[in-house]
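A.B. asks: Protein chains in written order, with this note's numbering: chain Y, 1 to 594; chain L, 595 to 887.
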Amino acid sequence: MSSVAATTETADHGHHARSDDLLALLKAAPFWSTDHKVIGIQFLLTTLFTLMVGGALALGVRWQLAFPWENMPFFGALVPATAGGQIPPEFYTMLFTMHATVMIFLVIIPILAGAFGNFLIPLMIGADDMAFPMLNALSYWFMWPAIACFTCSFCVGGGPASGWTSYPALSALAQAAPGSGWAQNWWLLGVTFVGFSSMMGSINYMTTIINMRAPGLTLFRMPLTIWSMFITAILQAFALPVLTAAGFMLVADRMLGTCFFVPAGLIVNNADPTVGGGQTLLWQHLFWFYSHPAVYIMLLPAMGMVSDMLACMCRKPIFGYKPMVYSMSAIAGLGFIVWGHHMFTSGMNPALGMTFMISTVMIALPSAVKVFNWIGTIWGGKPEFNVVFLNCIAFVSMFIVGGLSGIFMAAVPVDIYIHDTYFIVAHFHYVLFGATLFGVFGAIHFWYPKMFGRYMSEGWGKLHFFLTFVGFNGTFFPMHLLGVAGMPRRYADPYLYPYLEHFLPMNQFMTICAAIMGFAQFILIGNFILSWFWGEKSGRNPWNANGLEWATPSPPGHGNFDIPPVVYRGPYEYASPDTDADFWPQTQPPDPAT
Amino acid sequence: MKWFWCLFFAFWPIVAIVLCLLAPGFDWWFPGKAESPLGGRIDDLFYMILWITTVTFIGTQIALAYVLFKGASNTEPGAENEKAWFSHGSHQLEVIWSSVPAVILLFIAFYQLEVWAEYRVKDAFPRERMEAVFERIHQDRQKNDSLALAEVTARQFEWRIRYPGFNADGTLKALMPDPQPTDLYAVNDLHLPASAPVMINLRTQDVQHSFFLPELRIKQDAVPGLVIPIWFEANHQRSYQLLCAELCGWGHYKMNARFVAESDEGFIEYLRQLEREQNEDRVDDTPDTDEEE
Ligand code: HEM
Ligand SMILES: [Cu+2]
Ligand SMILES: [Cu+2]
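1. Can you list, in chain order, the residues of its chain whose CB lies under 8 angstroms from that of L:Gly819, leaving out five sequence neighbours each side?
2. By the 10 Å Cβ neighbour count, where 16 or more other Cβ atoms means buried, how is L:Asn873 classified, buried or exposed?
3. Which same chain residues, not among the five before or five after Y:Trp186, have their C-beta less than 6 angstroms away from its C-beta?
4. Tell me whether Y:Leu548, by its Cβ, gets closer than 7 angstroms to a heavy atom of ligand 3.
5. Can you tell me whether DSSP reads Y:Thr10 as helix, strand or coil?
6. Below 8 angstroms, how does it come out for the stretch 827-839 of chain L and the stretch 275-285 of chain Y: are there three or more Cβ pairs, yes or no?
7. If the criterion is Cβ atoms closer than 8 angstroms, does the pair Y:Glu70 and L:Trp844 meet it?
8. My output table needs one value for L:Val854: the three-state DSSP class, helix, strand or coil.
9. Could you tell me which chain L residues have their CB closer than 7 angstroms to the CB of Y:Cys314, listed as they occur along the chain?
10. By the criterion of Cβ-Cβ separation under 7 angstroms, what are the contact partners of Y:Ala246 in chain B?
11. If you measure beta-carbon to beta-carbon, which residues of the stretch 366-386 of chain Y are closer than 8 angstroms to chain L?
12. For my contact list, Y:Gly439 and Y:Val567 are in at a C-beta cut-off of 8 angstroms; report their separation, rounded to the angstrom.
13. Say whether the stretch 123-138 of chain Y touches the stretch 208-222 of chain Y, bearing in mind that this needs 3 or more beta-carbon pairs closer than 8 angstroms, one atom from each stretch.
14. Any idea what DSSP makes of Y:Asn204, helix, strand or coil?
15. Y:Pro323: which of Y:Leu365, Y:Arg490, Y:Gln284 and Y:Pro160 sits nearest, CA to CA?
16. So, at 6 angstroms on beta carbons, what are the nonlocal neighbours of Y:Ala239 in its own chain, with the 5 sequence-adjacent residues on each side left out?
17. Taking 8 angstroms as the threshold (beta carbon to beta carbon), is Y:Pro263 in contact with chain L?
18. For the pair the stretch 388-397 of chain Y and the stretch 437-457 of chain Y, tell me if three or more CB-CB distances fall below 8 angstroms.
19. Buried or exposed for L:Lys737, going by 16 or more other Cβ atoms inside 10 Å?
20. Answer yes or no: do L:Pro758 and L:Leu741 have a C-beta to C-beta separation smaller than 8 angstroms?
21. Looking at chain Y, which residues of the stretch 726-740 of chain L have a Cβ within less than 7 angstroms of any of its Cβ atoms?
22. Using the beta-carbon count (16 or more within 10 Å), is L:Thr765 buried or exposed?
23. Can you tell me the Cα-Cα spacing of L:Ala762 and Y:Met506, whole angstroms?
24. For a contact defined as C-beta to C-beta under 8 angstroms, what are the partners of L:Ile643 on chain Y?
25. Going by other Cβ atoms of all chains shown within 10 Å of its Cβ, with 16 needed for buried, is L:Glu885 buried or exposed?
26. Less than 7 angstroms between the CB of Y:Met487 and some heavy atom of ligand 3, yes or no?
27. When you compare only the Cα positions, how much space is there between Y:Leu123 and Y:Pro223?
28. State buried or exposed for Y:Met604, treating a residue as buried only when at least 16 other CB atoms are found within 10 Å of its CB.
29. I'd like the span of the beta strand (DSSP E) that includes L:Leu837, first residue to last.
30. Please report how far the alpha carbon of Y:Gly55 lies from the alpha carbon of Y:Gln521, in whole angstroms.
31. Can you find the residues in the same chain that come closer than 7 angstroms, C-beta to C-beta, to L:Glu809, ignoring five residues on each side of it along the sequence?
32. Which runs of the beta strand (DSSP E) at least 3 residues long sit entirely within the stretch 721-780 of chain L? Give them in chain order.
33. Give, in chain order, every residue of the stretch 503-533 of chain Y whose Cβ lies closer than 8 angstroms to some Cβ of chain L.
34. Which one of Y:Gln64, Y:Met103 and Y:His99 has the shortest CA to CA distance from Y:Gly85?
35. Below 6 angstroms CB to CB, which residues in the same chain sit around Y:Thr50 once its five sequence neighbours on both sides are set aside?
36. At a Cβ threshold of 8 angstroms, is Y:Leu437 touching chain L?
What follows is the structure, given as structure tokens:
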């Protein structure tokens, strides 16, 4: 395999030249930088941290469901809001609200678009940086006010208590949730900052991808990661303003006495009746008009990255490249007309319910097409069963479950029953954790050598994968059964109800699995940190991959490419009969002999 | 190691299927057979989707396991091909695996419409059967009076129920949109006739709640500012669980109430009982529900 040797040589060359500076990116991470790689790593480190915080909050929720009203070990003593370690119901409400908030706004969205979007887009399209580096840096630093606001909300404000969905009137009237007066304002402000951050990123990604591709990189030669980031950026740009506006309206309702979402005559907590003629359903429409596209913002980039990783790991072209692109676009397009499926029981016009049902059922179609194409990609490949590959398979396998459970909920009559039960909780954890997070774990292992010039440990990676996978399914699969049994979500004590009493042991089992899964994340963090120093060194192209990013040194210096890249083919020419090696980098000129 | 992982990915779907098969035996399943005709149809739809998704689940997981095992054997020393299969996809397969699921999905979507319409579309409400109930319980009503027999008002954290009172001649009045002096009140205890479609007007006094009867498979949000009519039909004369399904504050979990489905006579007798109790209490206890509006 002559060309493999060739790449290794160049890789060695790059590495000698820069060996003293391998930690350069890392050293720059705590500081202001407009380099997209540093910003990407800043996002990654921040979101890994918030992931742990969000996980801890979830374990609090799980504790209450497994051992209701019993004293929490360790944490109880640390958290003043608990009554001597016991979780009071107000605090339980804050726990799940903050858990979802942190996971959605501070982990999933920024780790995909922020961390990987930033790191990968310029590298994969052969650009030296983003189109607007300054805006890019701001998009990272706007995360911190958001984090500060959410922290204030939780720690000082008394805790937001209306779920991540923040339905009014609960969220609009301070007296509806005593103690959460300022918390809800902080929370809304936090969401606004996250929105700023995402919006700056999104504009940047679109511009960069449209304008700054290397010569020869046509749209249909772009890796699916780039396609997914591009589509995600469009979704963000169109959906996000709606949430931001709705957020401001809600703040105005709370602080300025407007009544966008508050109808007249509500008597909340013995306060005077409300005046005004607002509509609470308006919030639900606006919120889901953003948040349904947002669930795809939380998935599409992972879909793209998994496609790239699978092709590389299987040493085989992606199966059905164009159908993959079209189905992602279809998901994005349909994603804008399905928001009503979160409101089937809200009493909106039943005819609307029907149309939303049809569009929702149909969105399962492009999802199915993607699954089939991933399986097709593995089919006939020569996979190496490494950590990256395992996480990608988990992605596909878990996404199947999440997609299929979606069909139950898309069917309105069935959703009447399972809406707001644990079935929903099972569904979105299968897509958001089962699919997206496993994809992210794979991506961390896959691009880590490019970020830091070293491999992460395979052994620890596999252990982490194993524990996470087992813990994940042990925690979330039984939730389908809880949902079918009619256990409502967001209940501090479901065992008050005789028909749910016998689920206590199952919930305890789930909590144990959740703890295993939670603590397994320390392996990931440890592996991530220790590999900076002791990981095996990697060359430019450790996975023998085709993408442009692998033509740069590891880690790439400022400006990325030491040789300006020219693109000759798409990124999936693995196992091509036209070349000796089993891969054919996008930058390698065609052999003049043939 | 690679064989271990192949088995691993083939194994977990088996565990999942076995768990689901065993679940009803452990009572980890629906809270009993659906206790209303509509609930029965919802369950049927659920099982139909369950069949379709189970077949899809098994099919895709088998396909995944197959390509994994195949891939693992491709990397054995001495495997036939030096390189992976060089294929960019198959137009034919794409057409098949887009159109077949499309047909199935469309079928699922349109097949549901009727049940949904019956549950929510006003014109499809079983009006005649409701009117038969009014006849049997001798309700004195005009043509345009509300079809509802009770008004259920959710508030943090209980359910308040308002029934119409009786006329002097002993007939039941019709439920008026606004509270009347003769109205009868109860908290967390909803009584209605069984074995016939009955309607309630659902509203909330404060934040959003959701009226959930798991055994009947009925759920409807109580939306601030709206009065939402819903109907349901309990199959048996017994008491059912009523709870709240939409986050409404810290006490959301404890909006525990019951719905008692009774014979027609039992229902009237219950209202009479309420009337007696209320007349006794009236001296010192004006129901504070009067403050509403
Ligand atoms: C196969 C395609 C899918 C269908 C048909 C589908 C359908 C639905 C429906 C109908 C609901 C509302 C259920 C209810 O509240 O009663 C829902 C909720 C949800 N879905 Fe999906 N879904 C699909 C895929 C996804 C994906 C890919 C994601 C994320 C990556 C996702 C994330 C969510 C989330 C987060 C919620 C719940 C939000 C909440 O109430 O807190 N779904 N889905
Ligand atoms: Cu949705
Ligand atoms: Cu509630």
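Ideal Cβ placement from N, Cα and C applies to all residues, glycine included.
C.D. replies: Result, derived from the coordinates:
1. Scanning its chain for C-beta atoms nearer than 8 angstroms, with the 5 sequence neighbours on each side dropped, one finds no residue around L:Gly819.
2. exposed
3. Cys149, Cys152, Ser153 and Gly157, listed in sequence order.
4. no
5. At Y:Thr10 the pLDDT is 38, less than 50, meaning the model places this residue with poor confidence and gives no usable figure here.
6. no
7. no
8. strand
9. Gly665 and Ala678
10. Annotation note: the requested chain B is absent from the structure, which comprises protein chains Y and L.
11. Ala368, Val369, Val371, Phe372, Asn373, Ile375, Gly376, Ile378, Trp379, Gly380, Gly381, Lys382, Pro383, Glu384 and Phe385
12. That belief does not hold up - the Cβ atoms of Y:Gly439 and Y:Val567 are roughly 25 angstroms apart, past 8 angstroms.
13. yes
14. helix
15. Between Y:Pro323 and the set Y:Leu365, Y:Arg490, Y:Gln284 and Y:Pro160, the nearest pair of CA atoms involves Y:Leu365.
16. Tyr290 and Pro293
17. Closer than 8 angstroms to some Cβ of chain L, the Cβ of Y:Pro263 qualifies, so yes.
18. Result yes; three or more Cβ-Cβ pairs closer than 8 angstroms.
19. So L:Lys737 ends up on the exposed side.
20. no
21. none
22. Around the beta carbon of L:Thr765, fewer than 16 other beta carbons sit within 10 angstroms, so the residue counts as exposed.
23. Their Cα atoms are separated by approximately 55 angstroms.
24. Ile407, Phe408, Ala411 and Val414
25. Only weak support exists for where L:Glu885 lies, its pLDDT of 43 falling under 50; the value from the coordinates is given anyway. Exposed: under 16 other Cβ atoms inside 10 Å.
26. no
27. 11 angstroms
28. Lying before the first or after the last residue shown, residue 604 of chain Y is absent from chain Y, which here runs from 1 to 594.
29. Ser833 to Cys838
30. Between the C-alpha atoms of Y:Gly55 and Y:Gln521 there is a straight-line separation of about 9 angstroms.
31. Pro625, Gly626, Glu629, Tyr834 and Gln835
32. Within the stretch 721-780 of chain L, complete beta strand (DSSP E) segments of at least 3 residues are found at 742-749 and 752-757, given in chain order.
33. Phe503 and Met506
34. Y:Gln64
35. In the same chain as Y:Thr50, and ignoring 5 residues on each side of it, the C-beta atoms closer than 6 angstroms to its own belong to Val102, Leu106 and Val107, in chain order.
36. no
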